[in-house]
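In our numbering, the protein residues as written are 1 to 251.
Rendered as structure tokens:
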């Protein structure tokens, strides 16, 4: 069950029950975890910048602090293994110079796995069909350099999509991405999830938002928590959540 999401739920009058439901879930978890006979185990995954959200839930915070495991960013070798080992299983050839340069660009980058996924997808789209018969690498450093390396690969794809839209669609796209940004008050700006219902109003009807979201999903610029967008909003509990596919998308 997802409890913490960077959102405006608590500030919106249409979600008066959110805080009560959240507290009920937390109380149940704490009670179950403190019960010696309970077989329940709970794994809580939190970004480091969300830890402060736990402070007002003292018992849950104490339980997490006593059992906390910090997942550090992947190092150079771990990123390299993430690229090479799946490719080896599939018999896919990758230019070793591409692996080296891509790994260097990803090391230390925020959201490295999402960036890696997007980069490999882009490189696959630009693979050479002749590479299978010639035995040369399917994914090459040459393609990576032509795409502008990691620093521009995603932004160029986003820009190309944005420029292909009408004026009304561009305005709706701006609304979507602004809704996916949590502007820090004295802190770093960060990405957030948004419910689709937050994006829809009289100026931005559902048909327009659905169309733009589908374009963004196809371009792998955002992800949703359901494989297909609903044609209608059923109720508050069934609303689709949207989030950026990678941090640089929202920047």
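Beta carbons are placed, not taken as given, at the ideal position from N, Cα and C, and that holds for glycine.
Whole-angstrom Cβ separation of residue i and residue j, contact assumed at under 8 Å?
i	j	result
residue 127	residue 139	6 Å
residue 254	residue 72	There is simply no residue 254 to check, as the chain begins at 1 and stops at 251 in what is shown.
residue 167	residue 208	About 12 Å; that fails the 8 Å criterion.
Considering only the alpha carbon of each residue, which of the options lies closest to residue i?
i	options	result
residue 29	146, 57, 118, 17	57
residue 52	200, 149, 25, 65	65
residue 158	107, 117, 195, 222	222
residue 59	88, 162, 193, 32	32
residue 50	192, 155, 89	192
residue 224	195, 200, 85	195
residue 67	25, 42, 124, 110	42
residue 77	106, 94, 87, 89	106
residue 112	99, 175, 79	79
residue 63	48, 75, 74, 44	44
residue 99	120, 110, 108	120
residue 97	69, 149, 110, 86	149
Quick one: residues in its chain with C-beta nearer than 8 Å to the C-beta of residue i, no 5 flanking neighbours on either side, listed in chain order?
i	result
residue 17	none
residue 20	none
residue 165	173, 212, 215
residue 61	54, 55
residue 103	76, 79, 80, 83
Would you identify the three-state DSSP class for residue i, choosing helix, strand or coil?
i	result
residue 26	helix
residue 233	Legend: pLDDT at residue 233 = 40, less than 50; position of this residue unreliable, value from coordinates given subsequently. In the structure shown, residue 233 sits in coil (DSSP, three-state: anything other than H, G, I, E or B).
residue 139	strand
residue 94	strand
residue 133	With a pLDDT of 47 at residue 133, under the threshold of 50, the modelled position of this residue cannot be trusted, and the question is left open.
residue 86	helix
residue 154	helix
residue 20	helix
residue 108	coil
residue 71	coil
residue 44	coil
residue 127	coil
residue 76	helix
residue 148	coil
residue 271	Not covered by the structure: residue 271. The range shown for the chain is 1 to 251.
residue 165	coil
residue 57	coil
Please list, in chain order, all residues of the same chain as residue i whose beta carbon is under 7 Å from its beta carbon, the five residues on each side excluded.
i	result
residue 101	141, 144
residue 147	122, 126, 153
residue 179	194, 198, 199
residue 95	137, 139, 140, 141
residue 48	none
Considering only residues of the same chain and omitting the five flanking positions on each side of residue i, which have a CB-CB separation below 6 Å?
i	result
residue 46	none
residue 92	138
For chain B, is any of its Cβ atoms less than 8 Å away from the one on residue i?
i	result
residue 67	Among the chains in the structure shown there is no chain B, since it carries only a single protein chain.
In chain order, what are the residue ranges of uninterrupted alpha helix (DSSP H) at least 4 long that sit wholly in the stretch 171-224? 196-199, 206-218
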